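S.K.: In the working numbering, the protein residues as written are 231 to 412. Mind looking over this structure? Questions follow.
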């Protein structure tokens, strides 16, 4: 594939997303950060890396750009904790277990997932809802089960994981750069 083909596919893919839903999802994260509540972000593989990047932007970048010191945490970042839960309990519980330990109803869960069907992501969504939390899902493909559980979504209905991951990465930047003008 040539670079121009890839970039063309990426640009074309943006026409398939619902900008209203993206805006609602962005505002939900912004509101949580502004209120001083916690935002927990999760993902597997490349989406885990995206989740970790979001935290860097929402804690440091948001303070520098918007003057808001956000409380954001990536539940994919602690290898010892994840492997302990996975080994001693079940890998499908690595995020749900952490939410039971850290989260409260006024907090927010942001899930970054290509397929939307990873059991550990779905279990975290179910756990978050049982705690009274809202859930924002960033999904690709058909959105999987995660998009049906979420309260808010940024869905990229694209059948290409790398395009989906590129689109998802922009969400973190939208949170700190796309502020409502009052």
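Glycine included, every Cβ here is placed at the ideal spot set by N, Cα and C. All figures in this text were calculated on a predicted structure; none of them were measured in a lab.
Near residue 412, what residues of its chain come up, given a Cβ to Cβ distance below 7 Å and the 5 sequence neighbours on each side ignored?
M.R.: Confidence is the limiting factor: at residue 412 the pLDDT is only 44, short of 50, which leaves the residue's position unreliable and the question unanswerable from this model.
S.K.: What do you reckon, are the CB atoms on residue 281 and residue 342 nearer than 9 Å?
M.R.: yes
S.K.: I'd like to know whether the C-beta atoms of residue 248 and residue 385 end up nearer to each other than 9 Å.
M.R.: yes
S.K.: Give me the DSSP bridge partner(s) of residue 341.
M.R.: 272, 367
S.K.: Given residue 336, which residues of its chain have a CB within under 6 Å of its CB, disregarding the five upstream and five downstream residues?
M.R.: 267
S.K.: Could you confirm whether any beta carbon from chain D is found closer than 9 Å to the beta carbon of residue 274?
M.R.: This model lacks chain D altogether, as it is built from one protein chain only.
S.K.: For residue 241, is the classification buried or exposed, using 16 other Cβ atoms within 10 angstroms of its Cβ as the cut-off for buried?
M.R.: In this structure residue 241 is exposed. Its beta-carbon is surrounded by fewer than 16 other beta-carbon atoms within 10 angstroms.
S.K.: Whose CA, out of 355, 354, 344, lies closest to the CA of residue 390?
M.R.: 344
S.K.: Please name the residue, chosen from 398, 326, 392, that lies closest to residue 283 on a Cα-to-Cα basis.
M.R.: 398
S.K.: Per the DSSP calculation, residue 383 is bridged to which residue(s)?
M.R.: Under DSSP, residue 383 takes part in a beta bridge, and its partners are 367.
S.K.: If you draw a straight line from the alpha carbon of residue 259 to that of residue 318, how long is it in whole angstroms?
M.R.: Answer to the nearest angstrom: the Cα atoms are 33 Å apart.
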